[in-house]
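According to full-length UniProt numbering, the sequence shown is numbered sequentially starting from 1.
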Amino acid sequence: MNTQLVICIVIFVLTLASYLLNKIPMWVTAMISMSALYITGCIDASGALAGFANVNTILMAAMFVVAAGFRRTSLVDALCSFIMKITRGSFEMAYLGYLIIALILTNFIASPMVVYAIVSTLLCAYLDTTGKSRSKYIFPMMVVCVSCCGILPLSTAIQQAGQFTGFLETYGFDMVYEPTYFFIAGWPMLIVVPLWALFIGPKFLPEQPPLPIAAKEEAKQQKGKVLSPMQDKLGIAIFFLTIICLIFSGQLGVDTWFIALVGSLLMVVCGVVDQKSALRDIPWDMILLYVGALALGTNPIGLMALVQAGSLTAFMTPMATPAVPLAMADGGYDLKTIMKGGAVISVIIPVIYILYTMTVLPPF
C-alpha cells in the first residue's frame with residue numbers, strides 16, 4: 001500500500017467522522033476534504049474542481065429553482081386540498097399516493113434526483129399544510145425514488161438496457177440485455193420499499209429536524225406574495241413542460257441538465273421567481289456538500305443485474321446520489337439521521353437481491 005493511498009483512506013475516514021459528529025457544517029467538511037485531497041496530491045486541480053461542472057450539480061441547482069417556482073403557484077395548494085378531499089383526511093392514504101407517484105415517475109425518468117425534486121415539491125406542501133413533520137416523511141419518499149428506479153420495463157429500463165447491451169458488445173459478448181431483466185431481478189422492491197416507507201421508515205426518523213430547513217422558512221416569507229394570474233399560469237405551464245421534456249429527454253435528444261436549466265431560467269424570466277429568490281432557493285450548502293463529496297468516491301447478465309441492484313441502494317451518503325443532498329435540505333437531516341433512518345431498509349434490500357435476484361438471474 002503506497003503512501004498516497006494511505007493518505008486518501010485517512011482523509012476519507014476523518015471526513016466521515018466529521019459528517020457523523022456534525023460539529024462543523026457538512027459543506028465545510030466537504031470543502032476541507034476536497035482541499036486536503038488536492039494539497040496532498042491525491043487529486044489534481046481538475047479532479048478537485050470537477051464537481052462544480054458536474055451535470056448533476058447543475059441539474060440539482062436548476063431543479064430547485066423550477067420546484068420553487070411551482071411551489072409559489074396556486075395549483076400546489078389546490079392539489080393539497082384535492083388530495084385531502086379524496087383521501088377524506090387520511091394522511092396514510094395521501095402519503096401512500098405520493099409514494100406511488102414517486103414509484104411510477106422513477107420508471108419514466110432515469111434520474112431519481114429529478115423525480116425527487118418533482119414529488120418533494122408536492123409532498124412538502126402537503127406536509128406543511130397538514131402540520132406533519134417533513135423530517136419523518138421526506139427521507140422514505142426519497143428512498144422510493146432511488147430504490148424503485150428503472151425496475152418496470154418502461155422508458156427508464158429501456159434506456160438503461162440499451163446502455164448495458166452496449167457494454168456487453170464492447171467486451172465481446174454476443175448478448176442483448178432486455179428491459180424485462182430489470183423487472184425479473186427487482187420486482188419485489190416495488191412492494192417492499194413502498195411498504196417500508198409507509199409503515200417502518202418514519203418510525204426511525206425524528207419529529208423535529210436536526211438542522212434548520214431553509215426552504216420552509218423561505219416559503220413562510222413568500223406566503224404573502226401572490227403571483228399575478230399570468231405569472232401563476234406561466235409557472236404551472238413551465239413546471240409541467242419541464243417534467244414532460246425530462247420524461248422524453250431521450251427521444252428529444254436533449255440532456256436532462258439542459259432541460260432543467262432552461263426551466264429554471266424561464267421561471268426567472270417570466271417573473272414566477274425573482275432573481276434574489278432564485279439564488280436563495282438554491283441550497284448552496286448542500287450543493288457544496290455534494291461537490292466536495294464527489295472528490296472522495298461467466299454469465300454477465302446476472303452480474304450486471306447485481307451491479308444495477310447495488311446502485312439502487314445508494315441513499316445513505318450525500319455522494320451516493322444527488323437526491324440525498326436534496327432530501328437533506330428539505331428534511332433538515334444530518335448524516336447521522338439519514339444513516340439511522342435508512343438502516344433497516346439497507347439490510348432488507350441486499351437480502352432480497354442476494355437471495356432472490358441471484359436465484360432468478362444467477363451470475364455464475
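Glycine residues also receive a C-beta, built at the ideal position from the N, C-alpha and C atoms.
Nothing here was measured: the structure is a model prediction, and the numbers come from that model.
Proximity to residue i [Cα-Cα], best of the options
i    : options                : result
Q231 : P25, M267, I83         : M267
L211 : P325, I11, T73, I158   : P325
F183 : F173, T156, P206       : T156
L294 : T15, L5, V10, Q4       : T15
S346 : I282, L168, F315, L49  : F315
R72  : F139, I236, Y181, T313 : I236
T313 : L227, C145, I200       : C145
M31  : V351, I287, V344, T317 : I287
I259 : T121, L355, M60, F82   : M60
G341 : P153, T317, G89, A94   : T317
S228 : I191, S74, I9          : S74
Y177 : T57, Q159, D285        : Q159
G41  : Q4, V76, S18, Y19      : Q4
L154 : P112, L168, I104       : I104
C148 : G166, T170, P112       : P112
P202 : W284, M319, I109, Y95  : Y95
D285 : W27, P350, F240        : W27
V129 : A45, S81, Y353         : For the sequence presented, residue 129 should be read as Thr rather than Val. Of the candidates A45, S81, Y353, the one whose C-alpha sits nearest the C-alpha of T129 is S81.
I7   : M93, V226, I39         : I39
L127 : P350, I109, E207       : E207
V226 : Y181, I349, D274, V269 : D274
S33  : V360, M319, V344       : M319
Pair within 9 angstroms by beta-carbon distance, residue i and residue j
i    : j    : result
M84  : A323 : no
A197 : P179 : no
M175 : I151 : no
G186 : T357 : yes
M328 : L289 : yes
P194 : L99  : yes
A125 : V115 : no
A62  : G263 : yes
P209 : S135 : yes
F137 : L205 : At residue 137 the sequence reads Tyr, which differs from the Phe that was named. Result yes, Cβ atoms of Y137 and L205 sit closer than 9 angstroms.
F164 : T121 : no
V55  : T256 : yes
D330 : I213 : yes
L279 : I58  : no
V192 : I238 : no
Y333 : F139 : yes
S277 : A53  : no
Inter-residue CB distance, residue i and residue j (contact presumed, cutoff 8 angstroms)
i           : j    : result
G51         : V291 : 3 angstroms
V65         : I282 : 7 angstroms
I200        : I118 : Actually they are not in contact, since the Cβ atoms of I200 and I118 sit about 24 angstroms apart, beyond 8 angstroms.
C245        : L252 : 6 angstroms
F173        : K132 : Rounded, the Cβ-Cβ distance is 50 angstroms, inconsistent with contact.
I11         : A36  : 5 angstroms
residue 379 : N22  : Past the boundaries of the shown model lies residue 379; the chain is included only from 1 to 364, so the question cannot be answered.
Proximity test, Cβ basis, 9 angstroms: residue i and chain B
i    : result
I349 : Protein chains in the displayed structure number just one, and chain B is not present.
For this session: Report the residue ranges of all alpha helix (DSSP H) runs contained in full by the stretch 14-102; include only those spanning at least 4 residues, in chain order.
Result: 26-39, 45-49, 55-71, 74-86
Problem set entry | Sequence ranges, beta strand (DSSP E) only - wholly within the stretch 234-295, length at least 3 | none
Exercise. Which ranges does the alpha helix (DSSP H) cover as unbroken runs of at least 4 residues, wholly within the stretch 107-151, from first to last along the chain?
Worked result: 112-130, 134-147
For this session: Report the residue ranges of all beta strand (DSSP E) runs contained in full by the stretch 162-229; include only those spanning at least 3 residues, in chain order.
Result: none
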